[in-house]
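One structure is given here, and the rest of the page talks about it.
Number of protein chains: 2
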Amino acid sequence: MIEGMGQEERRPEGFEKIDPSFQTTVRDHVHRTIRNAIIGGRFATGDKINERGLAEQFGVSTTPVKEALRQLETEGLVEALPRRGVVIRFSSSWAEEMILARAALESMIAHLAAKRIEKPADEELTAIAEMMAKATGSADADSLITLNEKFHEHIHRSSRCGYLAKLIERQQFYDASIRRVIHMDPTEREKALEEHTAIAEAIVSGDADLAERQMRNHVVRSGETYLNIVFGNKKDI
Amino acid sequence: MIEGMGQEERRPEGFEKIDPSFQTTVRDHVHRTIRNAIIGGRFATGDKINERGLAEQFGVSTTPVKEALRQLETEGLVEALPRRGVVIRFSSSWAEEMILARAALESMIAHLAAKRIEKPADEELTAIAEMMAKATGSADADSLITLNEKFHEHIHRSSRCGYLAKLIERQQFYDASIRRVIHMDPTEREKALEEHTAIAEAIVSGDADLAERQMRNHVVRSGETYLNIVFGNKKDI
DNA sequence: ATGTGAGATCTGGTATATCAGATTTCAGAA
DNA sequence: TTCTGAAATCTGATATACCAGATCTCACAT
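What follows is the structure, given as structure tokens:
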């Protein structure tokens, strides 16, 4: 018997092992639900959260609720006062800072992507940018949303930064419905397209500093657009 | 009776209400302990964590352990596979990325601090920098560590960014003992002093872009020093 | 020898009970 | 009326029990 040959798997081409992380848990459902509620402005900063009450509303025990609250605490959306409960920490200024955090991290990752991107990935990025141009012309909001995600995710992969990519995911606070509203506006679509194109060119050409600046500008500017829609305010940055 | 006058507190000058957050919980103890173990390299990436086993080692129930693991998961130090447990996600490359994240966020906050710092705070920052100069001369490592924290914390406060400041705290992965080692080296002390002085000057003079560059350079460079000590490796950034 | 699958076992997810700190209530004293 | 403080109550922190998915074992068929 040949050592180390036993654990290989043979399955017909085209069948992938199903990702077990598709499964969801009560904890994650509670987490996402509360997160969306906070971000959607259904709590005010300082509101106290009652674990038992929440558990009852969800029709579950307090255990998954506690775990969900722990996640929210680490995300910075609530604050836990030992033995005194958790209170909401979210407001428009918090949202602004989340955008700034995303801008800082996303521009860093763009910088690295420009330095590290390799042979086939650069053409793929250009291809995505070109598809965005097409979708922008045809006012296809849903395609644009999907392509947008593809675009940023592709940059994340090209940077080979797993931790930074994870960190960025947590700075997201607007959902598909809000994005759709944004992408309805032709002016916004045009601006976003210009920025995406510039970012892609900078990364493909390996100009790390330029990619960084373009990405930061893009995240901050589009973030301000979101803020105006979600909170209807405006601040200097 | 005058409405709204009942809840004020009168106590003699100099007595502060004790901060209830001084209290610690089992959960936080477990969290910090595991975090330090991961960061201290006492696990390998991919190692599985057994909740029951951990709880037994700590002599506590699984509840606080589960909560601690949830925090670590959100921090990005472990990965939770639904119904399959949690595995360690930490390596030198993860540490590098934590430094990059800190550099990105800390430089963003320095930028804002330069824009937002006000009357008394700017002189305080200069004063801290001058104390650092003195401590550097007298090779007082412990003072330097304290001043270092004061310095960065002062910038955080001046930026008036609560969320970013919290986020930065989570990117810290070296403790006092390692810092002491670093601050022993006279060359490192000198370099850090130069950088701190330059950052303070940029912020006080209101040069946001310069403050940002200086801060980023400082965090990345000193981070590399830490990496070399903790992991003994070197990478391009 | 190899592959299969039913059952045993391990382990994370959830529910419930209990403990203890924090807050509120309210009777009684000043 | 105002203040004090003990008791009742609320609520988060912890412990324990139980359930179910995932993994392992191993007899058995091929």
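As they're listed, the protein sequences go chains A and B. Numbering follows my numbering, with no gaps: position 49 of the first sequence is 50. Numbering follows my numbering, with no gaps: position 41 of the second sequence is 42. Quick reminder that beta carbons are idealized off the backbone N, C-alpha and C, glycines included.
Just how far apart, CA to CA, sit residue i and residue j?
i	j	result
A/Lys-151	A/Val-220	16 Å
A/Phe-59	A/Ala-104	35 Å
B/Tyr-164	A/Phe-91	9 Å
B/Thr-26	B/Asn-51	21 Å
A/Gly-47	B/Ser-160	22 Å
B/Thr-226	B/Ile-146	15 Å
B/Glu-189	B/Ile-183	7 Å
B/Leu-78	A/Ala-128	34 Å
A/Ala-177	A/Glu-80	27 Å
A/Gly-207	A/Met-132	21 Å
A/His-153	A/Ala-166	10 Å
A/Ile-169	A/Ala-199	21 Å
B/Asp-1	B/His-112	Residue 1 of chain B falls outside the range modelled here, since chain B spans only 2 to 238, and no answer is possible.
A/Arg-28	B/Thr-137	50 Å
B/Gln-215	B/Asn-149	15 Å
A/Leu-82	A/Met-109	33 Å
A/Glu-74	A/Lys-49	13 Å
B/Ala-201	A/Leu-101	22 Å
A/Ser-223	A/Arg-181	13 Å
A/Ala-69	A/Arg-85	17 Å
A/Gln-173	A/Ile-179	12 Å
B/Arg-117	B/Leu-106	16 Å
B/Leu-1	B/Thr-63	The structure shown has nothing for residue 1 of chain B, since chain B only spans 2 to 238.
B/Glu-213	B/Arg-158	16 Å
Residues bridged to residue i by DSSP?
i	result
B/Val-79	B/Ile-89
B/Glu-50	What sits at residue 50 of chain B in the sequence shown is Ile, not Glu. Answer is B/Val-87.
Distance cutoff 8 Å, beta carbons only. Does residue i sit that close to anything in chain B?
i	result
A/Glu-98	yes
A/Gly-77	yes
A/Arg-214	no
A/Arg-103	no
A/Met-109	yes
A/Arg-158	no
A/Gly-5	With a pLDDT of only 32 at A/Gly-5, under the threshold of 50, the placement of this residue in the model should not be trusted; the figure read from the coordinates follows. Not one chain B Cβ lies under 8 Å of A/Gly-5.
A/Arg-84	yes
A/Ala-49	Sequence inspection shows Lys at residue 49 of chain A; the Ala mentioned does not correspond to that position. Output row for A/Lys-49: interface = no.
A/Tyr-164	yes
A/Lys-192	no
A/Leu-211	no
A/Leu-55	no
Let me know the secondary structure DSSP gives residue i once reduced to three states.
i	result
A/Ile-118	coil
B/Gln-24	coil
B/Ala-104	helix
B/Phe-174	coil
A/Asp-141	coil
A/Ala-45	coil
A/Phe-59	helix
A/Asp-210	helix
A/Gly-233	coil
Check whether chain A comes within 8 Å of residue i, counting only Cβ atoms and requiring the distance to be less than that.
i	result
B/Leu-106	yes
B/Thr-34	no
B/Gln-72	yes
B/Thr-26	yes
B/Glu-68	yes
B/Lys-135	no
B/Leu-168	yes
Any chance the CB of residue i is under 7 Å from a heavy atom of the ligand ATP?
i	result
B/Thr-127	In terms of ligand content, the structure shown is empty, and the ligand ATP therefore cannot be addressed.
In the segment 145-196 of chain B, which residue ranges form an unbroken alpha helix (DSSP H) of at least 4 residues, counting only runs that do not cross its ends?
-> Listed in chain order, the complete alpha helix (DSSP H) runs (minimum 4 residues) inside the segment 145-196 of chain B are 163-170, 177-185.
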